[in-house]
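Remarks on the structure that follows.
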Amino acid sequence: MKRLWIAVALLAAMCGATLVNAYYCQQLADSLSGRLNQAQTLVEREQWDQAEELTRQVYQDWQDSHFYLHVVMRHSDTDQILRTFQSVLQYLELQELDQYAAANADLAAQIQLLAEMEQASLVNVL
42 MKRLWIAVAL
52 LAAMCGATLV
62 NAYYCQQLAD
72 SLSGRLNQAQ
82 TLVEREQWDQ
92 AEELTRQVYQ
102 DWQDSHFYLH
112 VVMRHSDTDQ
122 ILRTFQSVLQ
132 YLELQELDQY
142 AAANADLAAQ
152 IQLLAEMEQA
162 SLVNVL
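The numbering used here runs 41 ahead of the 1-based position in the sequence shown.
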């Protein structure tokens with residue numbers, strides 16, 4: 042009987058950790074993609090410097106969380122986001138509106154998809 046309770050406790054702890062991870066990833070994704078959308082709005086207003094500063098802040102926040110995300114997620118997904126960040130920052134420096142808009146939208150979508158992969162849903166279980 043003691044083994045059963047230990048197993049139940051371990052299962053509950055793992056389920057709890059999974060839910061906390063999903064919540065953290067969703068909060069991070071919402072924050073990052075929201076600020077990337079703000080940067081897009083700044084670019085549309087021709088405020089390139091402010092957009093670049095905001096995007097660099099978002100990139101720094103990603104970097105601050107990168108170790109954790111690299112541990113709990115697929116490396117190829119987090120690496121792809123890093124590559125896309127570099128593209129977005131390069132297009133901002135060059136002030137290439139069309140390429141920036143496409144790369145920024147792609148980056149925000151990748152971040153949201155990464156968070157969706159961590160959510161407890163039937164689609165993710167199957």
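The beta-carbon is built from N, C-alpha and C at its ideal position, and this holds for glycine as well.
Where the alpha helix (DSSP H) containing residue i begins and where it ends
i	result
residue 94	89-113
residue 124	116-135
residue 72	43-85
residue 151	138-158
Any C-beta of chain B under 8 Å from that of residue i
i	result
residue 136	Chain labels in this structure do not include chain B; a single protein chain is all it has.
Classification of residue i by the beta-carbon crowding that lies within 10 angstroms, buried from 16 upward
i	result
residue 137	exposed
residue 152	buried
Beta-carbon separation (whole angstroms), residue i vs residue j, contact threshold 8 Å
i	j	result
residue 156	residue 98	Actually they do not touch by this definition, with Cβ atoms about 19 Å apart.
residue 149	residue 60	Actually they are not in contact, since the Cβ atoms of residue 149 and residue 60 sit about 24 Å apart, beyond 8 Å.
- Task: May I ask you to verify whether the segment 73-82 touches the segment 137-149, counting CB pairs closer than 8 Å and requiring at least 3?
- Result: Counting Cβ pairs under 8 Å, three or more are found: they touch.
- Message: Whether or not the segment 84-98 and the segment 123-136 are in contact is what I'm after, with contact meaning three or more pairs of Cβ atoms, one per stretch, closer than 8 Å; do they touch?
- Response: Cβ pair count under 8 Å is three or more, so yes.
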